[in-house]
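Trainee: Questions regarding the structure given below will be posed in turn.
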Amino acid sequence: MSADTAADLHAEIRRLRIRLAGLGPADLDRPAAASGAEPAAAGSGPPAASGEPSNVRAAVREAAAPTPAPGGSPPTRREAIRAALSELSALRADGRPVPDLGDRVLGDQLVVLLSDCLPAYGATEAECARAVRIAAGLRRALA
């Protein structure tokens, strides 16, 4: 397990905690920002530090981006957080549904599921790296 990957995840958890602490219900109702990064063409660019080819990285970026709601309206920040929670559940919690306990605990739920992707909790290098990408994508969407 790379200490850098675990450190990156700790940093993303800290950043998200700070970002979520400042969001109220009205902020969560605002549209999430676009990911900002264009997906790379399949096979282009150097492999990631984790050894993934760029087409895998692009697929992960696309999967991590919240999908527009029916009718074409962009997803809200709340929906982006719920999508990240679902992805993290699929990654480390066998896809169990994450209960909707309200806005006040969204940050706590996110921190718990991200922390479960740390090596101290038995996560593999790939799971930890994927959690970093999910967290970084969400942080950008909440900007």
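In this text, residue positions in the sequence shown follow our numbering: the first is -1, and each later residue adds one. Glycine included, C-beta positions come from ideal geometry on N, C-alpha and C.
Let's see if you can read the secondary structure: which residues bound the alpha helix (DSSP H) around residue 117?
Mentor: On the sequence shown, position 119 is the one that residue 117 refers to. Taken as a continuous stretch (DSSP letters only), residue 117 belongs to no alpha helix (DSSP H), as it is neither H nor E.
Trainee: Have a look at 140, 99, 95 and flag the residue whose alpha-carbon is nearest the alpha-carbon of residue 74.
Mentor: Residue 74 sits at position 76 when you count from the first residue of the sequence shown. Residue 74 has its Cα closest to that of 140, out of 140, 99, 95.
Trainee: Where do the ends of the alpha helix (DSSP H) carrying residue 97 lie?
Mentor: Indexing the sequence shown from 1 puts residue 97 at position 99. Counting along the chain, residue 97 falls outside any alpha helix (DSSP H), and DSSP gives it neither H nor E.
Trainee: For residue 101 and residue 76, what's the separation of their Cα atoms in angstroms?
Mentor: If you number the sequence shown from 1, residue 101 lands on position 103. If you number the sequence shown from 1, residue 76 lands on position 78. Going from the Cα of residue 101 to the Cα of residue 76 covers about 8 Å.
Trainee: Less than 8 Å between the C-beta atoms of residue 112 and residue 129, yes or no?
Mentor: Against the sequence shown, residue 112 aligns to sequence position 114. Against the sequence shown, residue 129 aligns to sequence position 131. It is a contact, given that the beta carbons lie within the stated cut-off.
Trainee: Which stretch, first to last residue, makes up the alpha helix (DSSP H) that contains residue 87?
Mentor: Your numbering for residue 87 matches position 89 in the sequence shown. Residues 75 to 90.
Trainee: Suppose you measure from the CA of residue 107 to the CA of residue 19; what does that come to, to the nearest Å?
Mentor: Counted from its first residue, the sequence shown places residue 107 at position 109. Counted from its first residue, the sequence shown places residue 19 at position 21. Cα to Cα, residue 107 sits roughly 13 Å from residue 19.
Trainee: If residue 5 and residue 126 are in contact, beta carbons under 8 Å, what's the gap, nearest whole angstrom?
Mentor: As a first step, residue 5 is located in the sequence shown; it is residue number 7 there, counting from the start. As a first step, residue 126 is located in the sequence shown; it is residue number 128 there, counting from the start. No, residue 5 and residue 126 are not in contact; Cβ-Cβ is about 10 Å, not under 8 Å.
Trainee: Going by other Cβ atoms of all chains shown within 10 Å of its Cβ, with 16 needed for buried, is residue 14 buried or exposed?
Mentor: Start at 1 with the first residue of the sequence shown, and residue 14 comes out as number 16. So residue 14 counts as buried.
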